[in-house]
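Using numbering that gives the first Met the number 0, read the sequence shown as starting at 0 and increasing by one per residue. Heads up, the beta-carbon is just placed ideally off N, CA and C, and yes, glycines get one too. Notes follow the structure.
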Amino acid sequence: MNIIQTIEQEQLKPQTSKFKVGDTVRVHTRVVEGDKERIQIYTGIVMGFRGRGLNEAFTVRRISYGEGVERVFPIHSPRIAKVEIERSGSVRRAKLNYLRGRKGKGATTVREEAQQLAK
Numbered sequence: 000m001n002i003i004q005t006i007e008q009e010q011l012k013p014q015t016s017k018f019k020v021g022d023t024v025r026v027h028t029r030v031v032e033g034d035k036e037r038i039q040i041y042t043g044i045v046m047g048f049r050g051r052g053l054n055e056a057f058t059v060r061r062i063s064y065g066e067g068v069e070r071v072f073p074i075h076s077p078r079i080a081k082v083e084i085e086r087s088g089s090v091r092r093a094k095l096n097y098l099r100g101r102k103g104k105g106a107t108t109v110r111e112e113a114q115q116l117a118k
């Protein structure tokens, strides 16, 4: 078991940004097209986390052309350049699956942090 743990430890990203469920984030992913590489940005609400260690991943949901789109990103993937927090959200649960049933603005908004509302 120690060999597996040491290999996993080498592949972990040293610095991961601290974001939580309910935050609106911009995920910068590296996309390879032929011999070129570019950065593509995916913006949405973090719906939940799953896994531990090297297998940890998070789900981001956004509304694209009136249709809900979810994408799962591994946190320690070399394809993820960075994750920026656009807006902090305040939620009371670990998974926001209830957003799937909502329509319109209710599907994209989560209550903002109390700190930001006081400003």
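Leaving out five residues on either side along the sequence, give the residues of the same chain with a beta carbon under 8 Å from the beta carbon of L116. Counted from its first residue, the sequence shown places residue 116 at position 117. A caution first: L116 carries a pLDDT of 49, below 50, which makes its placement in the model too unreliable to give a value.
P73 versus D34, K102, S63, K12, residue with shortest Cα-Cα distance: Numbered from its first residue, the sequence shown carries residue 73 at position 74. Closest option to P73, Cα to Cα, is K12.
Return yes when the Cβ of V45 is within less than 8 Å of the Cβ of G21, no when it is not. Residue mapping note: residue 21 aligns to position 22 of the sequence shown, counting from 1. Residue mapping note: residue 45 aligns to position 46 of the sequence shown, counting from 1. In this structure, V45 lies closer than 8 Å to G21 by Cβ.
Confirm, please, whether the CB-CB distance from R29 to R78 is below 8 Å. As a working note, residue 78 is residue 79 in the sequence shown. As a working note, residue 29 is residue 30 in the sequence shown. Their beta carbons are under 8 Å apart, which means R78 touches R29 by this criterion.
Nearest-angstrom beta carbon gap, V26 and V82 [assumed within contact, 8 Å]: Reading the sequence shown from its first residue, position 83 is the one you call residue 82. Reading the sequence shown from its first residue, position 27 is the one you call residue 26. Indeed, because the Cβ distance is near 5 Å, the residues count as touching under 8 Å.
My output table needs one value for P73: the three-state DSSP class, helix, strand or coil. Start at 1 with the first residue of the sequence shown, and residue 73 comes out as number 74. Residue state, collapsed to three classes: strand.
Suppose you measure from the CA of N35 to the CA of A80; what does that come to, to the nearest Å? Numbered from its first residue, the sequence shown carries residue 35 at position 36. Numbered from its first residue, the sequence shown carries residue 80 at position 81. The sequence shown places Lys at residue 35, not Asn. Rounded to whole angstroms, K35 to A80 spans 16 Å at the Cα level.
Considering Q8, what are the terminal residues of the alpha helix (DSSP H) in which it resides? The residue labelled residue 8 in the question sits at position 9 within the sequence shown. Run containing Q8: 1-10, per the alpha helix (DSSP H) assignment.
Just the Cα atoms here: how many angstroms apart are I65 and T5? As a working note, residue 65 is residue 66 in the sequence shown. As a working note, residue 5 is residue 6 in the sequence shown. The displayed chain sequence assigns Gly, not Ile, to residue 65. If you take the alpha carbons of G65 and T5, they lie about 45 Å apart.
Through-space distance from A106 to G100, alpha-carbon basis: Translated into positions along the sequence shown, residue 100 becomes position 101. Translated into positions along the sequence shown, residue 106 becomes position 107. Rounded to the nearest angstrom, the two C-alpha atoms are 8 Å apart.
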